[in-house]
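Residue numbers (this note's numbering): 2 to 480.
No residue lacks a Cβ here, since even glycine has one placed at the ideal position from N, Cα and C.
Okay, structure first, notes after.
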Amino acid sequence: MQTIRSKMMMLSILIWVIMAIIWISMSLFNQKTVEKYNEILQRYMQMNQASQISRQSLTSLNKYRISPTLDSMNQYVEDNSRLLRTRSDMNWLRNTSNSMLLDNLQNMLESQSQAMDLAVRFQKDNDDENAAKEFDEATNMSKYISETTLTLISGEQNTYDAFYRKIIKRSEDIKKMGFWTLALVSLLLLLFSYRFVNSMTQPLLKLTQSARELSRGNFKNPIEIKNNDEMTFLAVTLDSMRMKIGNLIDDIQSKAQLEYDLHKHKLMLKESELKSLQSQINPHFLFNTLNMLSKEAYLAGADKTSELISSVAGMLRYNLRKLDSKVSLKDELEVLEEYLTIQKARFGERLRVVREIDEEALSIELPILILQPLAENAFIYAIEPAEEGGTLTIRVKNEVTCVIVQVQDTGQGMDQEQLNRLLSNTENSAYKGHSTGIGIWNVIHRLQLFYGIEEIMDVESQLGIGTCMTLKLPRRQMK
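Shown next, in the form of structure tokens:
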């Protein structure tokens, strides 16, 4: 959860920074406004103070004239000094609009101070007439000072009227800025929150969908989340679990299929053994009888009959062996010759047999009764139906990695439906060999089990041309 916490921390810091910027901006604006207001207020107070001190100094002078004591004299001196200091302190009020009026005010303050000093001097000399005259002069000056002060204050109001308007306008602008700032901040927070929530919900939705697919048994789709947070770790863990479960299910299915095939093979073997047992009723009596008939036919001069009976006995003896027996390709070809001898006697000139045998390939081992069912198929579908018979070609080719065995006929060929029926499971197929009882599917299946490969036989058939069955037998020498 470290990355999620960092995102939450970033969101909090962003909100704090935005609020801090707004607060600092508002504080700076308020501070400047307050400072400007203080400056204006100080100017008004300074101007008003000149008028007040002017009147107060006249009051102190009047008290001294009525009661010329040391205290009243000290009070007058203090007030007069304040009046002169006020004159000097008013220099900072000067600007382009009030420079002349301020000069007049400062001169009047100085003239009032001088008139009051003359009045005190005449008062000390007991010159009451001149003291009164100078006092009246100072009084007039004080009146002028009050009027000039009012004029200055009025001018200040006119001067700062634009400032007041600017302040009011700025306040309105601040309200608008605050509104737009709030809108912008809200938008930014909304976008950031959307991206933040989306970065959280989208991986969760993907994980939920993936979990739903897993619950339905679909372990093929990979789980990919391209984030750099805990969701990626969770996705990688879930994907690893998906692959492990999928591999485990595949292994279970493979083992189940293998067990099914083995069980089916065992049933086939038991069925074949049962049929073999059923056909082996008194086999020695049957073989001895056939041998006796062969000898009698030979003694009677019926060589062909003797040969035919001998072929039947040899083929019957070979066919009664167990289906799980291993034989050489040479043995298969020998029993096939016995079968062809019988068929030659049956079809006569209608049957033509072509043999293309590579002697070096005959030592390879294979299950029993492989070639004879293929030859039986040729006789059933190609030679028997044809009035003129046909040609059966037996080929054995020795190659580097395998031995190629072909059984080819010149019959009418088969369409795809007939081929599918021929290669179908023996339980559903209508065809079985007429001497072995073994179908083509049985041959293919036993070869697949024997060699452990699927691609073992290839059948090519064209209507009107014929059929060629090709076996690709891997090299496996007899022990």
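Checklist entry - Nearest to GLU357 by CA position, among ILE369, GLU339, LYS331, THR394, is which residue? => result That would be THR394, whose Cα lies nearest to the Cα of GLU357.
Item to check | Helix, strand or coil at LEU474 according to DSSP, with G and I counted as helix | outcome: Per DSSP, reduced to three states, the secondary structure at LEU474 is strand.
Item to check | Closest Cα partner of MET91 within the set ARG56, SER61, ILE67, MET48 | outcome: Residue MET48 is the option with its Cα nearest to MET91.
Item to check | According to DSSP, residues forming a beta bridge with LYS398 | outcome: Partner(s): ILE405.
Checklist entry - What number of angstroms, rounded off, separates the C-alpha of ASP410 from the C-alpha of LEU268? => result Answer to the nearest angstrom: the Cα atoms are 33 Å apart.
Item to check | Cβ pair GLY412, PHE348 closer than 8 Å | outcome: No, the Cβ-Cβ distance between GLY412 and PHE348 is not below 8 Å.
Item to check | Beta-carbon separation (whole angstroms), LEU367 vs PHE451, contact threshold 8 Å | outcome: Approximately 7 Å separates the beta-carbon atoms of LEU367 and PHE451; this is inside 8 Å, confirming the contact.
Checklist entry - Does DSSP put ASP104 in a helix, in a strand, or in coil? => result Helix, per DSSP.
Checklist entry - Which residues in the same chain have their Cβ closer than 6 Å to the Cβ of SER13, if we skip the five residues on either side of it in sequence? => result Excluding positions up to five away in sequence, the list is empty.
Checklist entry - For TRP181, does the count of other Cβ atoms within 10 angstroms reach 16, so buried, or fall short, so exposed? => result Under this definition TRP181 is an exposed residue.
Next on the checklist: Which same chain residues end up closer than 6 Å to LEU472 when comparing Cβ atoms and leaving out the 5 residues on each side of it in sequence?
Outcome noted: Once the five neighbours on either side are set aside, the close Cβ partners of LEU472 are VAL406, MET458.
Checklist entry - In terms of alpha-carbon separation, which member of ASP72, ASP126, THR150, MET415 lies closest to ASN108? => result Ranking ASP72, ASP126, THR150, MET415 by Cα distance to ASN108 puts THR150 first.
Next on the checklist: Pop quiz: GLN113 and ILE146 are said to be a contact at Cβ under 8 Å. What is the actual Cβ separation, rounded to whole angstroms?
Outcome noted: Yes, they are in contact, since the Cβ atoms of GLN113 and ILE146 sit about 7 Å apart, within 8 Å.
Item to check | Three or more C-beta pairs below 8 Å linking the stretch 54 to 61 and the stretch 20 to 35 | outcome: Counting C-beta pairs with one atom in each stretch, the stretch 54 to 61 and the stretch 20 to 35 have fewer than three that are closer than 8 Å, which means they do not touch.
Checklist entry - Considering only C-alpha positions, which residue in the set LEU206, ILE25, GLU461 is nearest to ASN421? => result ASN421 has its Cα closest to that of GLU461, out of LEU206, ILE25, GLU461.
Checklist entry - Which one or two residues does DSSP pair with GLU36 in a beta bridge? => result Looking at the DSSP assignment, GLU36 forms no beta bridge with any residue, so it has no partner.
Item to check | Unbroken stretches of the beta strand (DSSP E), 3 residues or longer, contained in the stretch 115 to 192 | outcome: The qualifying runs do not exist here; there are none.
Next on the checklist: If you follow the beta strand (DSSP E) that LYS331 is in, where does it begin and where does it stop?
Outcome noted: Note, LYS331: premise wrong, no beta strand (DSSP E); alpha helix (DSSP H) at 330 to 348.
Checklist entry - Residue range of the beta strand (DSSP E) that MET74 falls in? => result Under the DSSP assignment, MET74 falls outside any beta strand (DSSP E), being part of the alpha helix (DSSP H) whose first and last residues are 71 to 90.
Checklist entry - Below 8 Å between beta carbons: does that hold for ALA383 and GLY467? => result For ALA383 and GLY467, yes; Cβs fall inside 8 Å.
Checklist entry - Got a sec: does the ligand GDP put a non-hydrogen atom nearer than 7 Å to the Cβ of LYS177? => result What this structure holds is no ligand at all, so the ligand GDP is not there to describe.
Item to check | Identity of the residue in THR233, GLU135, ASN248 nearest ASN219 by Cα | outcome: It is ASN248 whose Cα lies nearest to the Cα of ASN219.
Checklist entry - Taking the C-alpha atoms as reference points, what is the distance between TYR65 and GLU79? => result If you take the alpha carbons of TYR65 and GLU79, they lie about 13 Å apart.
Item to check | Sufficient close CB pairs (3 or more, under 8 Å) joining the stretch 440 to 449 to the stretch 332 to 349 | outcome: Touching, no.
Next on the checklist: Quick check on THR402: buried or exposed, where buried means 16 or more other Cβ atoms within 10 Å of its Cβ?
Outcome noted: Per the 10 Å Cβ criterion, exposed.
Checklist entry - Count the other CB atoms within 10 Å of the CB of ALA139; is the residue buried (16 or more) or exposed (fewer)? => result Buried: at least 16 other Cβ atoms inside 10 Å.
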